[in-house]
Structures are given as C-alpha cells and as structure tokens.
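Colleague: Sharing a structure here in structure tokens format.
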Amino acid sequence: MKFASADHNGYIETCERAIRLSKFSPRFARRRKQWRQLGPMMSVRVTIADPHEVVRAGLCDIFADTDIDVVGQASTVAGAVKLIERRRPDIALMDLRFQGESSLDVLAQIREKAPQTRVVVLTAYADPFYVARAVALGVEDYLLKTLTSRALVDAVLAVAADQGPTQHGIMQPIVQTMAAAGELPRGVSLTRRELQVLRHVGLGLSNKEIASSLDISVETAKEHVQKILRKIKVSDRTQAAVWAIRKQLV
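Add 1 to a position in the sequence shown, counting from 1, and you land on the number used in our numbering.
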C-alpha cells in the first residue's frame, strides 16, 4: 500500500496557498456561509502544535471566521503536552515530527492528562508505517499538509462531531487493512486474529502497538506473533513483515 508523499520542503508554499484560499477566497466564504446555515453550534476549541511558525500562523488564519477557535499554540512536543493539559481542547492538531521527536510518542500522556481531547495529525509524512502507528495509538485522523483550507476545516469539524477518520485524511485505507481478515494463501493456517496481527506486523508495529490497536494484552500480542512465525516458517518479525507484503496481505 503506497501513498504519494507530501513535499516536506513545501511548508511555506503550502501555508501561503492555504492563506490565499482562506478568508480571502470566495469559495471559502461560500463554504463558511453553508456552515452558518446549518444552525448555531458551539465553537470547536483547537490547539495547534507545529515546529514552524509560518504553519501555525497559516492555520490560525484558515480557522478565522469559522466555528474553530484556536485556544493555544506550541512549537515543541513538550510544549504541546503542557498546552493540552492546561487548555483541554476539543481537538489537538499536531505535526508528526518535531526536531527528532514524534508527537506519537506522547499520545499516552495526552490521553492521561486530557482524555476528552481528540488528536489529529497534520503532517507532510505519508508513510503507511506512521499512519499505522497513529491508528494503533488512537489518533482520530491523519491529514496531509497538501489539503485545501476547506478540506482541513471540514476534517476538523467532522472529527469534533465524532465522524473521523474522514475522507480528507489517509487513515481509512490503513484502518481497513488492519481490521480486515481477507483470504489466506493456500497451505497457511492462521486464525482470523492471527491474520489481523500479521497485518499489523507487516505495517511495522510493535507488540505494544498491536495490543493497543486490537485491545488485547501485550503478552497476548506476543503469543500471536510467535505462533505466526512458526506457522509461516520464518525466524523473526522482519521476515514475517516481508512475507506478508509479498503475499499482498498489506
């Protein structure tokens, strides 16, 4: 499964394009009018975490005059966690990478400190491995920075309304792959659960991430992996991942 990768060097161009398409755009103005015609609604409180100031500024401009209220910004992972704990937003919009750190590594902290906050990743990285980790760790949607302003606003509002992951993101195909049973190659006897676990292994997930995704214990995930290795006759999970990819199970 492959996704077209967003250009990580195009941050500034993307944000400038987004700003042009925001409140200065007739199309966006018409869309905003449609939102208003749906009737009164509470503003969706959002925090923004991105290492690039131009991205944060562009997002604030995009969300102006919509039902999205930006209640804080952060430029680091640690700053994002503190901000989310303090502000308790409806949506935490976060980039994936922060100078060697990943926002995915602090999702457990965010769930503990602000359990009602939904995390949405907005990034330039489209690697299925990152998307699969995001799914396993409870991210609500995974959006690319190549989105139009209109699609971004729609996605944030949809997630706030418990309608994620949206068609604007790239999580849906991965979610379907991770949940699917599908048909096994001839001569291989795996249970439905083992096939699900094998798909997770093929996407590069750890036992802990598999356990989180499938709502099982880490020990159970480990046992499934060991049984899979024996059944498909490989010696480690890397070979199992290669086997799954060759058999087009992921």
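For each residue, glycine too, the CB sits at the ideal point set by N, CA and C.
Measuring alpha carbon to alpha carbon, tell me which residue in Asp163, Phe130 and Arg193 is nearest His225.
Modeller: Looking up residue 225 in the sequence shown gives position 224. Looking from the CA of His225, the closest CA among Asp163, Phe130 and Arg193 belongs to Arg193.
Colleague: To the nearest angstrom, how far is it from the Cα of Leu158 to the Cα of Ile49?
Modeller: Against the sequence shown, residue 158 aligns to sequence position 157. Against the sequence shown, residue 49 aligns to sequence position 48. About 15 Å.
Colleague: Just the Cα atoms here: how many angstroms apart are Gly73 and Asp96?
Modeller: Here residue 73 refers to the residue found at position 72 when the sequence shown is read from its first residue. Here residue 96 refers to the residue found at position 95 when the sequence shown is read from its first residue. Distance between the alpha carbons of Gly73 and Asp96 is about 15 Å.
Colleague: Can you tell which of Glu195, Asp216 and Ile211 has its C-alpha closest to the C-alpha of Lys232?
Modeller: For the purposes of this step, residue 232 is taken as residue 231 along the sequence shown, with counting starting at 1. Ranking the options by Cα distance to Lys232, first place goes to Glu195.
Colleague: Hey, Pro257 and Arg57 are a contact pair by Cβ (cut 8 Å); roughly how many whole angstroms apart?
Modeller: Outside the modelled stretch of the chain, which goes from 2 to 251, sits residue 257, for which no answer is possible.
Colleague: Going by DSSP in three states, Gly165 sits in which element: helix, strand or coil?
Modeller: Your numbering for residue 165 matches position 164 in the sequence shown. Gly165: coil per DSSP, three-state reduction.
Colleague: Please classify Ala212: is it buried, with 16 or more other beta-carbons within 10 angstroms of its beta-carbon, or exposed?
Modeller: For this step, residue 212 is matched to residue 211 along the sequence shown. So Ala212 ends up on the buried side.
Colleague: Measuring CB to CB, does Val202 end up less than 7 Å from Ala241?
Modeller: Position 201 of the sequence shown, counted from the start, is the residue given in the question as residue 202. Position 240 of the sequence shown, counted from the start, is the residue given in the question as residue 241. Going by C-beta atoms, Val202 is nearer than 7 Å to Ala241.
Colleague: Please classify Val243 as buried or exposed, where buried requires at least 16 neighbouring CB atoms within 10 angstroms.
Modeller: Within the sequence shown, residue 243 is the residue found at index 242, counting from 1. Under this definition Val243 is an exposed residue.
Colleague: Would you mind working out which of Arg238, Ile69 and Ser236 sits nearest Arg151, comparing C-alpha positions?
Modeller: Taking the first residue of the sequence shown as 1, we reach residue 151 at position 150. With distances taken between Cα atoms, Arg151 lies closest to Ile69.
Colleague: Thinking C-alpha only, which one of Thr239, Ile229, Leu153 and Leu145 is nearest Thr67?
Modeller: Working through the sequence shown from its first residue, we reach residue 67 at position 66. The shortest Cα separation from Thr67 among Thr239, Ile229, Leu153 and Leu145 belongs to Leu153.
Colleague: To the nearest angstrom, how far is it from the Cα of Thr1 to the Cα of Phe99?
Modeller: Given a span of 2 to 251 for the chain in the structure shown, any question on residue 1 remains unanswerable.
Colleague: Please say whether Val120 and Ala93 have beta carbons closer to each other than 7 Å?
Modeller: Position 92 of the sequence shown, counted from the start, is the residue given in the question as residue 93. Position 119 of the sequence shown, counted from the start, is the residue given in the question as residue 120. Cβ distance < 7 Å, so Ala93 and Val120 count as in contact.
Colleague: To the nearest angstrom, how far is it from the Cα of Val189 to the Cα of Val107?
Modeller: Mapped onto the sequence shown, residue 189 falls at position 188. Mapped onto the sequence shown, residue 107 falls at position 106. For the pair Val189 and Val107, the Cα-to-Cα distance works out to about 38 Å.
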